[in-house]
Structure formats: structure tokens, C-alpha cells
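Peer 1:
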Amino acid sequence: MSAAKSVAGPLAIVAGGGALPAEVAAAVAASGRPFIVIAIRGEAGPEMEPFSPHWLDWGQIGRFFDILKSAGCRQIVMIGSVTRRPDFRAVTPDLGALARLPKIVAALIGGDDTVLKRVIRIFEDEGVTIVAAQDVAPQLLAPQGPLTRGRPDAAALADIEAGSRLVATLGAFDIGQGVVVLGGRVAAVEAAEGTDRMLERVAELKTIGRLPAKGRRGVLVKRTKPGQELRTDLPTVGPRTVELAAAARLAGIAVEAGGVLIAERGATIAAADKAKLFLAGVRLDSAEPGA
23 MSAAKSVAGP LAIVAGGGAL PAEVAAAVAA SGRPFIVIAI RGEAGPEMEP
73 FSPHWLDWGQ IGRFFDILKS AGCRQIVMIG SVTRRPDFRA VTPDLGALAR
123 LPKIVAALIG GDDTVLKRVI RIFEDEGVTI VAAQDVAPQL LAPQGPLTRG
173 RPDAAALADI EAGSRLVATL GAFDIGQGVV VLGGRVAAVE AAEGTDRMLE
223 RVAELKTIGR LPAKGRRGVL VKRTKPGQEL RTDLPTVGPR TVELAAAARL
273 AGIAVEAGGV LIAERGATIA AADKAKLFLA GVRLDSAEPG A
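Per the working numbering, the very first residue in the sequence shown carries number 23; after that it's consecutive.
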């Protein structure tokens, strides 16, 4: 039984930036399950307004738990981008935040996966269960197989396999949900800068001649890392990913089937087709998108 079904009652959606929070909220609404939205001010966008969100600043931790208690929420989904880690030296904490401040500060030290696991522990200590977005909106997961008219050729399949192995290896260092591989060569590894900046770097390397710039070559590979906290940090691609991959003159994008969320799927696929990029969901044990 999934965590989403193991505890009855309303769900709280904690919304960061991007399109995914609204897509998750729409999916939960369609399921008929009662829910509330808590939107992080400065991260979540106006697309959350139709869901009557509670807007909170980072320092309003006490208010956050008060809202959960008032709504009867024992489960939450954390979804959406966070542009920067909160600096509690620069925010005004409420009493609830002050009471939990030692735990919060300690949790924010370390790599992304380490931090997320510590944050989850804080919620669990408060009697709150974290539910994965894919448990309440499984339709957002990348399916297996090609999603676009274009498909990876033999060279791209070799790059996909190499990229998948690399991400698996780098997982022990809490980096590398995404890599770009070109002709079997590692062109870029995603670290703290994120996928967008990594792709911008690849475009620059091609412009200055550090990477081959002729034709569309190279593949962005995104997949989960071994041991990754899948409830709060699943890799994501969307229209912006396609835009930057096209600007970097890549051949395509390969994502782990069942392990990567696709934001605005229709727009993402349309953008890839327009740019003549392939977008394919692949299994971890095979580079073949249809295997």
C-alpha cells in the first residue's frame, strides 16, 4: 500500500516554483481527495491562486504546523523548485520556528539529498508523513519509450548508456541527477548549479570550441541516483529544459522511465518536436527507449 493511501484524511501540498505544483494540485482535485495548498512566498507563482493557497514565508514554521493541524492534514507533498536554501539568519522566525531552529539549522548543512532526508525527519518527528508527488499524480512520470517523432540513433544510445552509468556512480557523492554525454565523452555534470545552468555551460563550451559544435550531438541524461530521497527530489524536465538543450545543440534528452517527472508534458513534447530533439523514457538496465 502506498503512503498516499495508508493514512486517511486531507493532503497538504507544499508548493515551490514551476508548473508542477499546480499540476499536482489539479491531479489531487480530480481524484476527489480533500487538500490544501501551502505556497512558499518568493518561490511559488500565481498559478497556485486557483487553489486558494496559504502563502507563507520561510520563517513561519509555527504557522505552517498550525495550518496543518487546523486542516487535519497528516500527510504532505513537497513539490516545486526552490531557487535557494533559506537563510534563517536573514528571515524573521515566528515562535514555532524559534523552537525548532536548532533542528532546522542542522538539517540545512550538507548536500541536497542529505538535507532533504533531515527535513523529512523533522516532519516525521512532528507526526507528519511525506508523500511522493508521483504517488498522488503518477501521470506526471515519464513513460517508457520515445515521446517525440525523433528517436535516438546508435550514437545517442551509447551516450545514454554512458550517462546513466555516470549518474549511478556519482550518486554516492550526492551530485549528478543530470549529465551531458557527447560521443562517449562526459561534457558536463550537474552539480549545485542545476540542470539549466549546466546546459548553458554546454552551449558556451560549444561556442568557444571546447566541444564539437557541428550538427546536433550529445544527450542530456536525467535519472535518479542510487539511494536518492524519491519523495521530495525526483528529477524533472520541462519546456525550459528542451529550450536549453536545443540552444546547446544536443541531439536529445533521455530520462529514466518511471523516475523523472515531466512538467507541462504536452508543451514539452511539442517544443522537442519543433526543435527536432528526441525525448525518450529509458529503463535503467537498458539504453533502448522501447526495451
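Glycine is no exception: its CB is placed at the ideal position from the N, C-alpha and C atoms.
Considering only C-alpha positions, which residue in the set Glu-45, Pro-68, Ala-293 and Asp-255 is nearest to Ala-172?
Peer 2: According to the sequence shown, residue 172 is Gly rather than Ala. For the residues Glu-45, Pro-68, Ala-293 and Asp-255, the minimum Cα distance to Gly-172 belongs to Ala-293.
Peer 1: Give the list of continuous alpha helix (DSSP H) stretches no shorter than 4 residues that lie fully inside the segment 172-228.
Peer 2: You should have 176-192.
Peer 1: Taking just the CA atoms, how far does Ala-176 sit from Arg-238?
Peer 2: Roughly 14 Å between the two C-alpha positions.
Peer 1: Helix, strand or coil for Lys-91, going by three-state DSSP, please let me know.
Peer 2: Note: Lys-91 maps to helix in three-state DSSP.
Peer 1: I need the boundaries of the beta strand (DSSP E) containing Leu-78, first residue and last residue.
Peer 2: Note, Leu-78: beta strand (DSSP E), 76-78.
Peer 1: Just verifying my parser: in three-state terms, what is the DSSP assignment at Lys-244?
Peer 2: Three-state result, Lys-244: strand.
Peer 1: With burial defined as no fewer than 16 other Cβ atoms inside 10 Å of the residue's Cβ, what is the status of Arg-271: buried or exposed?
Peer 2: Answer is buried; the Cβ neighbour count reaches 16.
Peer 1: Indicate the three-state DSSP secondary structure (helix, strand or coil) for Glu-71 in the structure shown.
Peer 2: Glu-71 falls in the helix class under three-state DSSP.
Peer 1: Look up Ala-37 in the DSSP assignment and give the residues it is bridged to.
Peer 2: Ala-61 and Ile-101.
Peer 1: So, with DSSP's three-state summary, where would you put Pro-314?
Peer 2: Only positions 23 to 313 of the chain appear in this structure, which leaves residue 314 out of reach.
Peer 1: Leaving out the 5 sequence neighbours to the left and right, which residues in its chain are closer than 6 Å to Ala-155 when beta-carbon positions are compared?
Peer 2: Same-chain partners within the cutoff: Val-46, Val-99 and Ile-101.
Peer 1: State the Cα-Cα distance for the pair Glu-148 and Pro-75, rounded to the nearest angstrom.
Peer 2: Going by the C-alpha atoms only, they are around 22 Å apart.
Peer 1: Consult DSSP for Glu-251 and reduce its assignment to one of helix, strand or coil.
Peer 2: Correct three-state label for Glu-251: coil.
Peer 1: Taking 8 Å as the threshold, find out whether the segment 244-264 comes into contact with the segment 186-193 through three or more Cβ pairs.
Peer 2: Taking 8 Å as the limit for Cβ pairs, the verdict is that the segment 186-193 does touch the segment 244-264.
Peer 1: Tell me where the alpha helix (DSSP H) around Ala-289 begins and ends.
Peer 2: First-last of the alpha helix (DSSP H) with Ala-289: 287-297.
Peer 1: Would Thr-105 be called buried (16 or more neighbouring beta carbons within 10 Å of its own) or exposed?
Peer 2: Classification of Thr-105: exposed, given that the 10 Å Cβ count is below 16.
Peer 1: Could you tell me the distance, in whole angstroms, from the CA atom of Pro-124 to the CA atom of Val-36?
Peer 2: Using only the alpha carbons, I get a separation of about 22 Å.
Peer 1: What do you get for Gly-94, buried or exposed, if any count of 16 or more other CB atoms within 10 angstroms of its CB means buried?
Peer 2: By the 10 Å Cβ count, Gly-94 comes out exposed.
Peer 1: Can you tell me where the alpha helix (DSSP H) with Glu-265 in it begins and where it stops?
Peer 2: Run containing Glu-265: 261-269, per the alpha helix (DSSP H) assignment.
Peer 1: Would you mind sorting Thr-229 into buried or exposed? The rule is 16 or more other CB atoms within 10 Å of its CB.
Peer 2: Exposed, by the Cβ-count rule.
Peer 1: Three Cβ pairs or more, each shorter than 8 Å: is that satisfied between the segment 252-259 and the segment 276-290?
Peer 2: Touching, per the Cβ criterion.
Peer 1: Determine the DSSP secondary structure at Val-9, reduced to helix, strand or coil.
Peer 2: No answer is possible for residue 9: it lies beyond the span of the chain, which begins at 23 and ends at 313.
Peer 1: On the three-state DSSP scale, how would you describe Val-50?
Peer 2: Helix, per DSSP.
Peer 1: By DSSP, does Gly-31 sit in helix, in strand, or in coil?
Peer 2: Reduced to three states, the DSSP call for Gly-31 is coil.
Peer 1: Would you mind sorting Leu-283 into buried or exposed? The rule is 16 or more other CB atoms within 10 Å of its CB.
Peer 2: Buried is the call here.
Peer 1: Exposed or buried, Glu-286, counting other C-beta atoms within 10 Å across all chains shown (16 or more means buried)?
Peer 2: That one is buried.
Peer 1: May I ask which residues mark the beginning and end of the beta strand (DSSP E) holding Leu-301?
Peer 2: Where Leu-301 is concerned, the enclosing beta strand (DSSP E) stretches over 300-304.
Peer 1: Do you know offhand how far Pro-32's Cα is from Arg-262's?
Peer 2: Approximately 32 Å between the Cα atoms of the pair.
Peer 1: Just to confirm the assignment, what range does the beta strand (DSSP E) spanning Ile-275 have?
Peer 2: Here the beta strand (DSSP E) through Ile-275 covers 274-278.
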